[in-house]
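Before any comments, here is the structure.
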């Protein structure tokens, strides 16, 4: 095993065609792209024939919404720490000025609309309010959103013909992405099914299941229960380590959430659970660890990028001491000391835009949101160009979705090991396993980067 700094920087490359793995893997990736159950053309065909412009679009301009998450109150209330993201409004302004000076999006100048969202009061009501503000008050074409975990937000944007660019660590199954298409796009993330498939590789490479008693904790939702029943449960059964305790947590009500965590810990202790798998995204595990530490329950953890690896390592280092995991979004998983930035050309380009504007992007952990805003603008510009929006194709969600799918593996993200759009607009195409070094508190990579099979 070697450190991220020694290994990942060699492999965190732009574009799937630049993923530094053996030639055999490159062939396998190509075969996967060609033999998937749904081709890009077939998926896009559902949305052909749209000739009306989307909301917030004129012949010369396009309104893009940006969310800034205010986490100060949440940090104070829970006594937790998030890496400082700098002056995000200044970052957005600089990035918009730059993209406009370089052709804009679909030949149109971007008009930014910035709204701040209070993380401490993330409720269905507050997210519906945010959706209504962006769609009805501002009438934006697309929104770059992050830090929003309620189930009503994404259908709200789709119902209002508004494109979403996902940055929240909120895993969605492929079918849900299809249901939300052509409005839902996650250029830097993988589908939920891909993540679970990747866990099979993690189990194999780290020996996580060997000799363990497995428990599962998940957000109580139809999607999570289906993922467990259809994928994770059978995977564990086949490995000979079925889950002895599966608990579902209701995150909609604080009283139910507290009771759910407490009952889960009692059940895990009674069943002798010493390995824990999480389903549902970053907040579930973080809140659970806060309860678990107070009740002396410290199972070995397996995490994915959706579990906010770096955040938990900062705030719960003892509980993370022998964790293993799947990194699909290295920008979220690693800090500067582990993976120095820039690690690829796209990340360097975005950092330079800010530097030229007099803004210091900071280390990897401080540049996550600025990188997302930059990647988002570049993605929208690439998809719009692919769709021909600068030469007459109407700018709307359906045509943008078609353009994104047609990018295939030609667009590169500053936040992924590799990128591929195939069937749905979820771009992360590769992952790597890691283990935590308990002596240093640093992530160490295992094996080679792999595709989601």
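Numbering (this note's numbering), first residue to last: 51 to 503.
In this text, a Cβ means the ideal position worked out from N, Cα and C, and glycines have one as well.
Point to revise | Reduced DSSP category for residue 365 - H, G, I as helix; E, B as strand; rest coil | key: If DSSP states are grouped into helix, strand and coil, residue 365 belongs with the helices.
Review point. From residue 103 to residue 157, what distance separates their C-alpha atoms?
Key: 14 Å
**Study point:** Presumed contact (8 Å Cβ cut-off) between residue 354 and residue 376, rounded CB distance
**Key:** 4 Å
**Study point:** Top-ranked residue by Cα proximity to residue 253, from 379, 448, 169 and 327
**Key:** 327
Review point. Taking residue 452 as the reference, which of 466, 442, 467 and 436 has the closest Cα?
Key: 436
Check your understanding: Are the beta-carbon atoms of residue 138 and residue 114 separated by less than 8 Å?
Key -> no
Point to revise | Short Cβ contact (8 Å threshold) for residue 323 with residue 359 | key: no
Check your understanding: How long is the line joining the alpha carbons of residue 430 and residue 202, rounded to whole angstroms?
Key -> 24 Å
Review point. By DSSP, does residue 377 sit in helix, in strand, or in coil?
Key: For residue 377, the secondary structure class from DSSP, reduced to helix, strand or coil, is strand.
Review point. In whole angstroms, what separates the C-alpha of residue 162 from that of residue 346?
Key: Straight-line Cα distance between these residues: approximately 48 Å.
Check your understanding: In terms of DSSP beta bridges, what is residue 182 paired with?
Key -> Under DSSP, no beta-bridge partner is assigned to residue 182.
Check your understanding: For residue 198, which of helix, strand or coil comes out of DSSP?
Key -> coil
Review point. Does the beta-carbon distance from residue 289 to residue 259 come in below 8 Å?
Key: yes
Review point. Residues bridged to residue 295 by DSSP?
Key: Partner(s): 265.
Exercise for review: Measuring alpha carbon to alpha carbon, tell me which of 148, 105 and 130 ends up nearest residue 404.
Suggested key: 148
Check your understanding: Between the C-alpha atoms of residue 492 and residue 364, what's the straight-line distance to the nearest angstrom?
Key -> 11 Å
Review point. At which residues does the beta strand (DSSP E) containing residue 414 begin and terminate?
Key: Careful: residue 414 lies outside any beta strand (DSSP E) and carries neither H nor E.
Exercise for review: Measure the Cβ-Cβ separation of residue 502 and residue 244 and say whether it is below 8 Å.
Suggested key: yes
Review point. Residue ranges of each beta strand (DSSP E) run of no fewer than 3 residues wholly in the segment 103–134, ordered along the chain?
Key: Entirely contained in the segment 103–134, the beta strand (DSSP E) runs reaching 3 residues are, in chain order, 111–120.
Review point. Taking Cβ positions, are residue 267 and residue 320 nearer each other than 8 Å?
Key: No, the pair does not count as a contact, with Cβ atoms beyond the cut-off.
Review point. Could you give the distance in angstroms between the alpha-carbon of residue 247 and the alpha-carbon of residue 109?
Key: In a straight line, the C-alpha of residue 247 is about 44 Å away from that of residue 109.
Point to revise | Closest Cα partner of residue 225 within the set 234, 210 and 348 | key: For residue 225, the closest alpha carbon among the candidates 234, 210 and 348 is that of 234.
Check your understanding: In terms of residues, what are the limits of the alpha helix (DSSP H) holding residue 207?
Key -> The continuous alpha helix (DSSP H) containing residue 207 extends over residues 203–209.
Point to revise | Whether residue 374 touches residue 474 by CB criterion (8 Å) | key: Using a Cβ distance threshold of 8 Å, residue 374 and residue 474 do not count as a contacting pair.
**Study point:** Runs of beta strand (DSSP E) lying entirely within the segment 296–362, each at least 3 residues, in chain order
**Key:** Unbroken beta strand (DSSP E) runs of no fewer than 3 residues, entirely contained in the segment 296–362, are found at 325–329 and 350–354, following chain order.
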